[in-house]
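There are 2 protein chains.
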Amino acid sequence: MMKGLSLLLSLLLLPVAASAAECLTRGTGDMGIVVERAAGSLKVMDTSAHAELFRVEGLGDLSHASAVYSRDARYAYVFGRDGGLTKVDILCGTIAKRIVQGGNSIGGAISQDGSLIAVSNYEPGGVKIFSAEDLSLVADIPATRVDQEKLSKTVGLVDAPDQKFVVSLFDTGESWIIDMSNPQNPAIQRFTNIGKLPYDALITGDGRYYIAGLFGQDGLSLIDLWHPEKGARLILKDYGKGDQKLPVYKMPHLEGWAMAGDQAFLPAVGQHQVLVVDHRDWQEKGRIAVHGQPVFVMARPDGRQVWVNFAFPDNDTIQVIDTETLQVIKSFKPGKGALHMEFSPRGEEVWISIRDQDEVQIYSTRTMELIKTLPVDKPSGIFFTARAHQTGL
Amino acid sequence: MMKGLSLLLSLLLLPVAASAAECLTRGTGDMGIVVERAAGSLKVMDTSAHAELFRVEGLGDLSHASAVYSRDARYAYVFGRDGGLTKVDILCGTIAKRIVQGGNSIGGAISQDGSLIAVSNYEPGGVKIFSAEDLSLVADIPATRVDQEKLSKTVGLVDAPDQKFVVSLFDTGESWIIDMSNPQNPAIQRFTNIGKLPYDALITGDGRYYIAGLFGQDGLSLIDLWHPEKGARLILKDYGKGDQKLPVYKMPHLEGWAMAGDQAFLPAVGQHQVLVVDHRDWQEKGRIAVHGQPVFVMARPDGRQVWVNFAFPDNDTIQVIDTETLQVIKSFKPGKGALHMEFSPRGEEVWISIRDQDEVQIYSTRTMELIKTLPVDKPSGIFFTARAHQTGL
Numbered sequence: 000m001m002k003g004l005s006l007l008l009s010l011l012l013l014p015v016a017a018s019a020a021e022c023l024t025r026g027t028g029d030m031g032i033v034v035e036r037a038a039g040s041l042k043v044m045d046t047s048a049h050a051e052l053f054r055v056e057g058l059g060d061l062s063h064a065s066a067v068y069s070r071d072a073r074y075a076y077v078f079g080r081d082g083g084l085t086k087v088d089i090l091c092g093t094i095a096k097r098i099v100q101g102g103n104s105i106g107g108a109i110s111q112d113g114s115l116i117a118v119s120n121y122e123p124g125g126v127k128i129f130s131a132e133d134l135s136l137v138a139d140i141p142a143t144r145v146d147q148e149k150l151s152k153t154v155g156l157v158d159a160p161d162q163k164f165v166v167s168l169f170d171t172g173e174s175w176i177i178d179m180s181n182p183q184n185p186a187i188q189r190f191t192n193i194g195k196l197p198y199d200a201l202i203t204g205d206g207r208y209y210i211a212g213l214f215g216q217d218g219l220s221l222i223d224l225w226h227p228e229k230g231a232r233l234i235l236k237d238y239g240k241g242d243q244k245l246p247v248y249k250m251p252h253l254e255g256w257a258m259a260g261d262q263a264f265l266p267a268v269g270q271h272q273v274l275v276v277d278h279r280d281w282q283e284k285g286r287i288a289v290h291g292q293p294v295f296v297m298a299r300p301d302g303r304q305v306w307v308n309f310a311f312p313d314n315d316t317i318q319v320i321d322t323e324t325l326q327v328i329k330s331f332k333p334g335k336g337a338l339h340m341e342f343s344p345r346g347e348e349v350w351i352s353i354r355d356q357d358e359v360q361i362y363s364t365r366t367m368e369l370i371k372t373l374p375v376d377k378p379s380g381i382f383f384t385a386r387a388h389q390t391g392l
Numbered sequence: 000m001m002k003g004l005s006l007l008l009s010l011l012l013l014p015v016a017a018s019a020a021e022c023l024t025r026g027t028g029d030m031g032i033v034v035e036r037a038a039g040s041l042k043v044m045d046t047s048a049h050a051e052l053f054r055v056e057g058l059g060d061l062s063h064a065s066a067v068y069s070r071d072a073r074y075a076y077v078f079g080r081d082g083g084l085t086k087v088d089i090l091c092g093t094i095a096k097r098i099v100q101g102g103n104s105i106g107g108a109i110s111q112d113g114s115l116i117a118v119s120n121y122e123p124g125g126v127k128i129f130s131a132e133d134l135s136l137v138a139d140i141p142a143t144r145v146d147q148e149k150l151s152k153t154v155g156l157v158d159a160p161d162q163k164f165v166v167s168l169f170d171t172g173e174s175w176i177i178d179m180s181n182p183q184n185p186a187i188q189r190f191t192n193i194g195k196l197p198y199d200a201l202i203t204g205d206g207r208y209y210i211a212g213l214f215g216q217d218g219l220s221l222i223d224l225w226h227p228e229k230g231a232r233l234i235l236k237d238y239g240k241g242d243q244k245l246p247v248y249k250m251p252h253l254e255g256w257a258m259a260g261d262q263a264f265l266p267a268v269g270q271h272q273v274l275v276v277d278h279r280d281w282q283e284k285g286r287i288a289v290h291g292q293p294v295f296v297m298a299r300p301d302g303r304q305v306w307v308n309f310a311f312p313d314n315d316t317i318q319v320i321d322t323e324t325l326q327v328i329k330s331f332k333p334g335k336g337a338l339h340m341e342f343s344p345r346g347e348e349v350w351i352s353i354r355d356q357d358e359v360q361i362y363s364t365r366t367m368e369l370i371k372t373l374p375v376d377k378p379s380g381i382f383f384t385a386r387a388h389q390t391g392l
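Quick note, the sequences are listed as chains A and B, same order. Numbering that gives the first Met the number 0 numbers the first residue of the first sequence as 0 and each following residue consecutively. Numbering that gives the first Met the number 0 numbers the first residue of the second sequence as 0 and each following residue consecutively.
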């Protein structure tokens, strides 16, 4: 009898106990994920305790993976290179839902109100928009046809205020504003001839300016989303590959632009320089000599420092620039494969992925000293939950 | 036997069930609190569902109460007028800890790293700093002595980057930077003669400029925290009560300044105007005629709109200003006692407290239409958890 009672109790208690053990009751404001690109997994982190909470496996090909967060900061939506879109529950360390939505995907965005997830696809070219709740398809927007066989690749997809997305078409040189305020009837505004081969884009933190980098010519394409009637215009006409003396190891990420006060800091293409641009008129106002070809140029949230990492063969180095004096105030070598950086939302710390050492390093931005190292398998992108509250992230 | 088993099961299951019922396992990114000023209570809200989650009572005198959030966005620290400091667990709807730390308090701040809570007190005048964990006292910093009986009141307390707080001394016309990077040994930098009777202050969102309003003279006192060696200087020398033709019903809150692009929007003192200031040189560049004496002048997070509420007898009205054309694009009367506004972090909605109607109204900022009304007893301040990630909020 006691054995039977014991078994009965176990069965009755199991679901509750399991649920309590697996999911955390805690605030999500200080959490984040680190992508393990080779393993197709990610680690869920507690940024206050500097500690790992969960490892989540089975996310497919995570090379160049990126992520956005639900508005409650409980779910990370991870965009894989293989077209996978995975909704990860960071309180339970589980995959809430996973679909393979395209053949070859390069990023996504979440709508202003958090209800929609958009993904841009190379293959087949276009944008698919899903319900953030269950990843069911809401809209399938094919890109412009290039020839009988294929549609243009789509790149540089971002969210914008008033429930919009903006995306560029690589092959056909277009940018589209997709208004999803009526999800059953997407309204698309098309800008053609924006420049040759847009390969990536960013939106400024206030959601006003959409800027696409061009692979087929120098300069960048800018759209003022407050004035779409003015069309796209070319800015920074000297920005690009031009007559490079050095081989371009990697086209820099545009999302890695830093905006600090009236200045924008941009990675020069193929040169050992960071460009300083006045973001009121988008004119270049200076260049800062740095250690290698910059990849990410990231501003500390208060705009007082800019941290820079570099393309191979200089990807073992990080430099810190003072945004007022424009001087490099610190150079150090955290290790080979320093791929990505993420600041804590109020800027007191920065986390850096060091791929070849299988670790994430955490630095104080005040002392610029190493605080702690956490083991992570081939870490790449780091994404903290405060992104849930920011346009374009 | 079955009755005994049933009782045994109930007893065994009780703690788990109770715990599950009381505390929520959910993301905290889309939560917020609304202060019920008369009842000394607050309501915990789900901003995605537009629904109440908990009502928490027993917080003392909450007239002019304000709140900050822990870095994990689980706990709200509520500063009451009566010197009460209450740590509220918004996942469980309970008071985690409450102390009465002073006789008469007017606000507080949380340190950049989230470890310290600072409170400014009228009586006795000074700043007390507590552990965010258990509210134990870490530092007690008395204000400058005014006479044998009393110390200066402290006002305008804010957090600043690099683990600092900044506060002003009403009676003695000072501002202090308190560096808490070594919590056992606060380092204080004192600025004297900053102007007569500072009554409130703000810090810009990037944490660079600290600006104190002056009750005893016109103008505002500005400290550039990147250059404290330059001292405090007077800006906007025409800003103030001056020769007012109208009685000043309420000194406007400085935290209600809106920064949008290069412009700052300020409530004029005692006049039916919003001032437009170039925040690069702090020169006035225009005035916008509005419906009454403005109290809060709040920018939508993308800076495209500014929403304004007004002092008695015009506190039944809200106006919306387009920051580009500087035109009032919408005026409406949501009800008497429109005391406070809070935008969702990405700006799609704004919540407005309507005290005399015992309700909070939720508006779409795109359509400017009412979406929903929630019952709240004499609502005043509204504070969403995204503040956890912002300097000065």
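Just so you know, even glycine gets a beta-carbon here, dropped at the ideal spot from N, CA and C.
query = Between the Cα of Lys284 (chain A) and the Cα atoms of A:Ala298, A:Leu265, A:Val296, A:Gly302, which residue gives the shortest distance?
reply = Of A:Ala298, A:Leu265, A:Val296, A:Gly302, the residue nearest in Cα terms is A:Leu265.
key: Alpha-carbon spacing of Thr171 (chain B) relative to Ile353 (chain B), whole angstroms   = In a straight line, the C-alpha of Thr171 (chain B) is about 37 Å away from that of Ile353 (chain B).
request  = Could you have a look at Leu13 (chain A) and say whether DSSP puts it in helix, strand or coil?
outcome  = Unreliable placement is indicated for Leu13 (chain A), whose pLDDT of 41 sits below 50; the coordinate value is still reported in the next sentence. For Leu13 (chain A), the secondary structure class from DSSP, reduced to helix, strand or coil, is helix.
task = Using the Cα positions of Ala20 (chain A) and Ala385 (chain B), report the straight-line distance between them to the nearest angstrom.
result = Unreliable placement is indicated for Ala20 (chain A), whose pLDDT of 47 sits below 50; the coordinate value is still reported in the next sentence. Rounded to the nearest angstrom, the gap between the Cα atoms of Ala20 (chain A) and Ala385 (chain B) is 28 Å.
inquiry  = Measuring CB atoms only, is the stretch 119-130 of chain B touching the stretch 64-72 of chain B, in the sense that at least three cross pairs come out at less than 8 Å?
reply    = Put simply, the stretch 119-130 of chain B does not touch the stretch 64-72 of chain B. Fewer than three CB pairs are less than 8 Å apart.
message = By the 7 Å beta-carbon criterion, what residues does the stretch 25-52 of chain A contribute toward chain B?
response = Flagged, chain order: Arg25, Gly26, Thr27, Gly28, Asp29, Ser47.
request  = Check the Cβ-Cβ distances between His63 (chain A) and every residue of chain B, and say whether any is below 9 Å.
outcome  = It does not; no Cβ of chain B falls within 9 Å.
ask   = Between Leu150 (chain B) and Ala142 (chain B), which are expected to be in contact by the criterion C-beta below 8 Å, what is the C-beta distance as a whole number of angstroms?
value = With 8 Å as the limit, Leu150 (chain B) and Ala142 (chain B) qualify as a contact, their Cβ atoms being about 4 Å apart.
key: C-alpha distance - Gly215 (chain A) paired with Phe53 (chain A), whole-angstrom precision   = When the Cα atoms are used, Gly215 (chain A) and Phe53 (chain A) turn out to be separated by approximately 43 Å.
query = Is there at least one Cβ from chain A nearer than 9 Å to His290 (chain B)'s Cβ?
reply = Cβ-Cβ to chain A under 9 Å: no for His290 (chain B).
request  = Please name the residue in A:Thr24, A:Cys22, A:Gly28, A:Leu23 whose C-alpha comes closest to that of Ala387 (chain B).
outcome  = The shortest C-alpha separation from Ala387 (chain B) is found at A:Gly28.
key: Helix, strand or coil at Leu196 (chain B) [DSSP, three-state]   = Here Leu196 (chain B) sits in coil by DSSP.
Nearest-angstrom Cβ-Cβ length linking Val307 (chain B) and Val273 (chain B), presumed shorter than 8 Å = With 8 Å as the limit, Val307 (chain B) and Val273 (chain B) qualify as a contact, their Cβ atoms being about 6 Å apart.
ask   = Under the three-state reduction of DSSP, which class applies to Gln304 (chain A): helix, strand or coil?
value = Collapsing the DSSP output to three states places Gln304 (chain A) in a strand.
message = So with CB distances below 7 Å, who are the chain A contacts of Glu323 (chain B)?
response = Contact annotation for Glu323 (chain B) against chain A: Trp225 [CB-CB distance below 7 Å, chain order].
inquiry  = Ala159 (chain A) and Ile193 (chain A) - do their beta-carbons sit closer together than 9 Å?
reply    = Judged by their CB atoms, Ile193 (chain A) and Ala159 (chain A) are not nearer to each other than the 9 Å cut-off.
request  = Tell me, please, whether the CB atom of Ser396 (chain B) is closer than 9 Å to any CB atom in chain A?
outcome  = The structure shown does not extend to residue 396 (chain B), since chain B is modelled only from 0 through 392, so no value can be given for it.
ask   = Considering only C-alpha positions, which residue in the set A:Leu219, A:Thr24, A:Asp205 is nearest to Asp88 (chain B)?
value = Of the candidates A:Leu219, A:Thr24, A:Asp205, the one whose C-alpha sits nearest the C-alpha of Asp88 (chain B) is A:Thr24.
query = Does DSSP classify Glu254 (chain B) as helix, strand or coil?
reply = Of the three classes helix, strand and coil, the one that applies to Glu254 (chain B) here is helix, per DSSP.
ask   = For Val99 (chain A), is the classification buried or exposed, using 16 other Cβ atoms within 10 angstroms of its Cβ as the cut-off for buried?
value = Val99 (chain A) sits exposed, since fewer than 16 C-beta atoms from the chains shown fall within 10 Å of its C-beta.
ask   = Taking buried to mean at least 16 other C-beta atoms within 10 Å of its own C-beta, is Leu136 (chain A) buried or exposed?
value = Result: exposed.
request  = Return the residue from the list B:Leu369, B:Thr364, B:Gln360 that minimises the CA-CA distance to Val375 (chain B).
outcome  = For the residues B:Leu369, B:Thr364, B:Gln360, the minimum Cα distance to Val375 (chain B) belongs to B:Gln360.
query = Pro374 (chain B) by DSSP, collapsed to three states: which one?
reply = Here Pro374 (chain B) sits in strand by DSSP.
query = So which of A:Leu392, A:Leu84, A:Leu58, A:Leu41 has the shortest CA-CA distance to Glu51 (chain A)?
reply = The shortest C-alpha separation from Glu51 (chain A) is found at A:Leu41.
8 Å contact criterion, which Phe78 (chain A) and Ser62 (chain A) should meet: CB distance rounded = Rounded to whole angstroms, the Cβ separation of Phe78 (chain A) and Ser62 (chain A) is 11 Å, and the two are not in contact under 8 Å.
request  = Can you tell me which of the three DSSP states Ala310 (chain B) falls into?
outcome  = In the structure shown, Ala310 (chain B) sits in coil (DSSP, three-state: anything other than H, G, I, E or B).
inquiry  = I need the straight-line Cα distance from Ala75 (chain A) to Ser343 (chain B), nearest angstrom please.
reply    = Their Cα atoms are separated by approximately 19 Å.
request  = Identify which residue in B:Tyr208, B:Ser130, B:Phe129, B:Lys332 has its Cα closest to the Cα of Gly391 (chain B).
outcome  = Selected option, being the one with the closest Cα: B:Tyr208.
message = Tell me the residue span of the beta strand (DSSP E) that contains Leu221 (chain A).
response = Here the beta strand (DSSP E) through Leu221 (chain A) covers 219-223.
query = Does any CB atom of chain B fall closer than 9 Å to the CB of Asp205 (chain A)?
reply = Interface residue, yes.
request  = Could you tell me whether any Cβ in chain A is nearer than 9 Å to the Cβ of Ala72 (chain B)?
outcome  = Chain A has a Cβ within less than 9 Å of the Cβ of Ala72 (chain B).
inquiry  = Within 10 Å of its beta-carbon, does Gln162 (chain A) have 16 or more other beta-carbons around it, so buried, or fewer, so exposed?
reply    = Counting Cβ neighbours within 10 Å, Gln162 (chain A) comes out buried, since at least 16 surround it.
Residues of the stretch 329-348 of chain B whose Cβ lies closer than 9 Å to any Cβ of chain A, in chain order = Listed in sequence order: Ser343, Pro344, Arg345, Gly346, Glu347, Glu348.
Val118 (chain B) - containing beta strand (DSSP E), residue span = Val118 (chain B) -> beta strand (DSSP E) spans 115-122.
key: Three-state class that DSSP yields for Pro227 (chain B) in the structure shown   = Of the three classes helix, strand and coil, the one that applies to Pro227 (chain B) here is helix, per DSSP.
ask   = Using Cβ-Cβ distances below 9 Å, what residues of the stretch 254-267 of chain A are close to chain B?
value = The residues in question are Ala259, Gly260, Asp261.
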